[in-house]
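Shown next, in structure tokens, is the structure this report addresses.
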Amino acid sequence: MSEQNLFKVTIDNITIDVPAGTTVLQAARLIGGQVAPPAMCFYSKLEGSGGKCRTCLVEVSKGSEKDPRPMPKLVASCRTTVMDGMEVKNITSEKVLDARAGVVEFLLLNHPLDCPICDQAGECHLQDLSFEHGKADTRYEFQRRTFKKHDLGKHIQLHMTRCILCYRCVYTADQLTNKRVHGILDRGDHAEIATHIEKSLDNEFIGNVIDVCPVGALTDKTFRFKNRVWFLKPMDAHRDCPTCSGRVTLWNRGDEVYRVTARKDQWGEIEDTPDGKPGWICNVCRFDKKETSDWIIEGPREISRQSVIAQGHYAGNIGTTKPNETFKAVNDGRTPHLLMDIHDESEVNQPTIHLGKIQGPSHGDTFNTNNTHKA
Amino acid sequence: MGVKLLLDKANVPGIRTYEVYRREGGYRSVEKALKEMNPESIVEEVKKSGLRGRGGAGFPTGMKWSFIAKPEGVPRHLVCNADESEPGTFKDRYLMEFIPHLLLEGLIVSSFALGSHDTYIYIRGEYAWITDILEEAINEAKANGWLGKNILGTGFECNIHVHRGAGAYICGEETALIESLEGKRGNPRIKPPFPAIQGLWQRPTVVNNVETLAAIVPIINMGGEEYAKIGVGRSTGTKLISACGNINKPGVYEIDMTISVEEFIYSDEYCGGIKGGKQLKACIPGGSSVPILPANLLLKTATGETRYMNYESLSDGGFATGSMLGSGGFIVLDEDQCIVKNTLTLARFYRHESCGQCSPCREGTGWMEKILHKIEHGHGTIADIDLLWDIQRKIEGNTICPLGDAAAWPVAAAIRHFRDEFEWHINNPVLSQTSNFGLQHYADPIHVPA
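What follows is the structure, given as structure tokens:
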């Protein structure tokens with residue numbers, strides 16, 4: 001990219017140079033952190049996606065260097081390309097935060113919130129979004145919508161009630177498979193993902209719709225109700241696959257492979273393979289290769305998203321580094337004084353009392369006689 | 376009698392047929408345009424006329440035409456938007472049903488101006504019989520050399536295709552219409568790119584309303600400057616108004632935009648007054664999506680000036696005290712009409728017609744309908760009114776296409792001007808099921824909930 005094709009764009013007062021044709025959302029992702037607007041429907045690996053969920057709305061306070069007029073409405077940052085000198089407000093704009101809170105409320109309006117039994121829980125974008133931008137309760141007091149159940153075949157489970165109609169799976173089927181058999185039926189709030197009429201999704205790449213689904217609407221039938229994702233150990237692995245790149249993440253517990261997914265980056269999107277193509281994986285890798293012996297394990301997967309999966313232990317090099325500072329070093333050499341240092345205070349540790357002689361359950365009064373700290 | 380440009384020959388017996396239409400001076404504009412003018416001068420003429428899009432938004436047509444991209448070797452298209460589905464609007468239907476050749480004439484001239492050799496009429500699915508009328512008219516025009524190859528020996532080729540929709544209001548939005556015409560699901564596209572750059576099959580496309588294209592005929596015949604002398608200010612020419620509701624003479628009227636709203640409602644030439652001698656309560660002046668106005672704000676603006684039937688005067692005062700001319704669907708409500716029920720009806724329509732693509736519109740329209748249903752049936756609370764206001768505020772402006780705005784505006788305006796009636800409904804849950812709020816008291820017209 002030559003020099004003159006770099007556009008200067010300022011997002012939340014942070015200026016960055018990006019190539020022409022970059023969208024505001026992608027520019028914000030380059031800055032990272034809170035500046036990047038959330039995206040539920042945009043998927044950079046899928047052409048034509050985005051613009052639908054409206055969570056990534058931003059305010060353009062200055063159109064460009066040439067035309068400094070602000071844009072009259074909030075714009076979807078995923079589908080707005082940057083102009084030279086553009087100034088964008090994301091989290092610094094009250095209007096944006098207000099609209100975003102509204103969108104989150106709309107998205108959750110008919111969502112069943114069945115996270116406790118949903119396989120997506122823990123890696124769900126809607127969970128993250130509502131945690132960051134949503135309210136604790138809903139103002140909706142009507143019955144949530146339900147759908148007639150559709151069977152999508154032996155691999156993919158559809159929970160239409162959870163769907164937020166992001167169209168990602170439709171674009172995936174359009175762009176990865178040669179014939180799409182599912183799509184959106186009906187319109188408005190009764191629009192649903194379905195096949196016409198009752199077909200199964202059996203293309204060899206159709207399993208990728210599970211990876212692109214931001215919620216638990218499309219889940220892996222071979223993993224259904226088997227385990228919670230945060231109990232599993234994500235491991236990078238690969239195999240020599242004749243149809244796909246074969247680069248996957250295995251989700252293990254012990255030696256058992258519970259599920260196989262494509263490798264996802266910090267935005268929850270499919271990672272590129274070293275040759276720069278999106279690392280979609282085939283159904284054989286995803287659904288059939290469930291033995292550790294099928295795979296060459298590369299090592300633990302680094303999970304950098306702020307999800308419950310990363311809460312455990314998988315960020316950084318596990319087991320190889322030790323913390324530089326110990327508690328004692330921080331405390332000027334003193335040993336930590338616990339707030340409830342019952343073992344020093346109580347008579348339990350005093351040899352004069354034999355625990356067997358305490359009749360019944362012990363009570364605070366039992367130890368009170370020797371409790372020097374109490375006046 | 377005001378000036379009539381479109382409907383002046385509407386009452387001539389047999390005007391639907393080619394012979395009568397031609398005898399009455401039809402297709403003169405095609406002769407003039409193709410023989411004496413070139414595409415650029417036609418666009419200039421339309422710019423001079425000040426014609427504004429008659430579909431609702433009122434965007435200047437000449438400007439829209441000048442935006443069309445002209446890349447080498449890429450065909451351009453003109454699409455006629457005949458998907459007239461807005462409740463209260465039926466002007467295009469009248470025009471196409473009775474004078475189909477007027478639309479064809481406008482289409483041929485416009486196609487010549489824009490360089491479109493394949494021009495489409497996207498007609499509403501429910502207008503099945505009009506499709507037949509249009510196709511018959513196209514066959515007649517083709518037989519007489521006004522369509523097809525080498526029109527009037529000028530070498531210009533133009534074909535008009537009629538495409539029937541399948542009954543979706545959203546397909547009246549220009550990008551959804553294009554998607555539908557391409558055979559896809561009628562979801563609005565995300566703009567930019569605008570249709571003038573990438574429209575039908577990624578080619579530069581102009582989408583115009585039926586009435587706009589019909590108005591091209593008098594503009595070419597009389598010249599843009601002459602046309603601009605009719606009307607007032609930036610509201611030039613004549614406008615078809617489809618009046619309905621509680622009036623004595625519902626129907627399609629051609630007005631020259633200088634008459635006052637009061638004259639339009641009460642004069643015998645037009646609506647002929649409120650039916651049964653009742654009182655005017657409110658009016659939706661431009662099709663169901665524009666804000667409703669109470670009688671006092673309809674006849675006079677907030678500053679006390681007379682309100683006229685034109686773009687500027689009707690939108691005087693913004694949405695706080697004004698409305699829009701929109702598509703010209705003039706819905707009059709008398710004292711016996713219930714605003715809550717009326718708003719519920721509109722909300723139900725928009726919920727049903729939302730395409731479901733973007734979340735605020737998909738979820739918000741359904742939510743508003745449910746709350747209005749609750750209020751209408753006597754189960755509402757005062758908090759519901761504020762909730763409705765908050766929902767419409769979060770839909771408006773945050774959606775892909777204007778359907779979200781169209782769904783939000785009627786609800787917002789009803790609460791803005793008739794909050795009293797909503798409160799009365801809530802406070803009298805039993806009484807409101809059998810009797811009507813009537814004309815008791817208008818809410819403060821300037822009152823805008825925070």
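Just so you know, the protein sequences line up as chains A and B, in that order.
Quick note on numbering: the first sequence equals residues 1 to 375 in the working numbering.
Quick note on numbering: the second sequence equals residues 376 to 825 in the working numbering.
No residue lacks a Cβ here, since even glycine has one placed at the ideal position from N, Cα and C.
- Cβ contact annotation for B:Val449 (same chain, cutoff 6 Å, sequence separation greater than five): Arg578, in chain order.
- In terms of Cβ geometry, B:Glu710 and B:Gly813 form a close pair [threshold 8 Å].
- Take B:Pro804, set aside five residues on each side of it, and the residues of its chain with a beta-carbon closer than 6 Å to its own are Gly753, in chain order.
- In the three-state reduction of the DSSP assignment, A:Phe142 falls in the coil class.
- For A:Arg180, no Cβ of chain B is located within less than 8 Å of the residue's own Cβ.
- Burial is judged here by how many other beta carbons sit within 10 angstroms of a residue's own beta carbon; B:Lys439 has at least 16 and is buried.
- Of the candidates B:Glu419, B:Thr506, B:Ile496 and B:Ile640, the residue whose Cα lies closest to the Cα of B:Ser555 is B:Ile496.
- Non-local beta-carbon contacts of B:Thr633 in its own chain, meaning distances under 7 Å to residues more than five positions away in sequence, involve Gly606, Val607 and Tyr683 in chain order.
- The Cβ-Cβ distance between B:Gly731 and A:Ala20 does not fall below 8 Å.
- Contact with chain B is absent for A:Ile197, since none of that chain's Cβ atoms lies less than 8 Å from the residue's Cβ.
- The bridge partners DSSP lists for B:Leu708 are B:Ala657.
- Residue nearest to B:Trp742 within the set A:Glu291, A:Val9, A:Ala262 and A:Glu141 is A:Glu141 (criterion: CA-CA distance).
- Under the three-pair Cβ rule at 8 Å, the region 42 to 60 of chain A counts as touching the region 162 to 178 of chain A.
- Residues Ser245, Arg247, Ala262, Arg263, Ile270, Glu271, Asp272 and Thr273 of the same chain have their beta carbon placed closer than 7 Å to that of A:Gly279, with the five preceding and five following residues left out of the count.
- The contact set of B:Asn773 on chain A, defined by CB atoms closer than 8 Å, consists of Arg54, Leu57, Lys73, Leu74, Ala99, Gly102 and Val103 in chain order.
- Residue range Arg451 to Ala457 is occupied by the beta strand (DSSP E) that includes B:Arg451.
- Assignment of B:Asn583 by DSSP, reduced to helix, strand and coil, places it in the strand class.
- Taken in chain order, the complete beta strand (DSSP E) segments of 3 residues or longer contained in the region 521 to 558 of chain B are 523 to 526 and 531 to 539.
- Neighbours of B:Lys624 in chain A, taken as residues whose beta carbon is under 9 Å from its own, are absent, since the nearest beta carbon is some 36 Å off.
- Here B:Gln573 carries a coil assignment [DSSP, helix/strand/coil].
- Using a 10 angstroms sphere on the CB of B:Gly701, the tally of other CB atoms reaches 16 or more, which defines it as buried.
- Counting the other CB atoms within 10 Å of its CB gives B:Leu806 a total below 16, which places it among the exposed residues.
- In the structure shown, A:Leu201 adopts coil according to DSSP, grouped into three states.
- Think of a sphere of 8 Å around the beta carbon of A:Asp114: no beta carbon from chain B falls inside it, the nearest being about 18 Å out.
- Not flagged as an interface residue toward chain A: B:Lys559, since no C-beta distance is shorter than 8 Å.
- Taking CB atoms only, A:Phe7 has no neighbour in chain B less than 8 Å away.
- By the Cβ rule, the region 448 to 462 of chain B does not count as touching the region 415 to 424 of chain B, because fewer than three pairs are nearer than 8 Å.
- Within chain A, the C-beta atoms nearer than 8 Å to that of B:Ile565 come from Gly50, Gly51, Ala76 and Arg79, in chain order.
- With 16 or more other Cβ atoms inside 10 Å of its own Cβ, B:Ser729 counts as buried.
- For the C-beta of B:Pro568, not a single chain A residue is nearer than 7 Å; the gap to the nearest is close to 10 Å.
- Rounded to the nearest angstrom, the gap between the Cα atoms of B:Gly598 and B:Lys604 is 10 Å.
- Look at A:Leu109 here: in three-state DSSP terms it is helix.
- At a cut-off of 8 Å, the C-beta of A:Ala191 has a neighbouring C-beta in chain B.
- B:His727 reaches chain A at Gly188, counting residues in chain order whose Cβ is nearer than 8 Å.
- Non-local beta-carbon contacts of A:Val35 in its own chain, meaning distances under 8 Å to residues more than five positions away in sequence, involve Ile11, Asp12, Ile14, Ala28, Asn90 and Ile91 in chain order.
- The secondary-structure analysis by DSSP pairs A:Lys264 across a beta bridge with A:Ile270.
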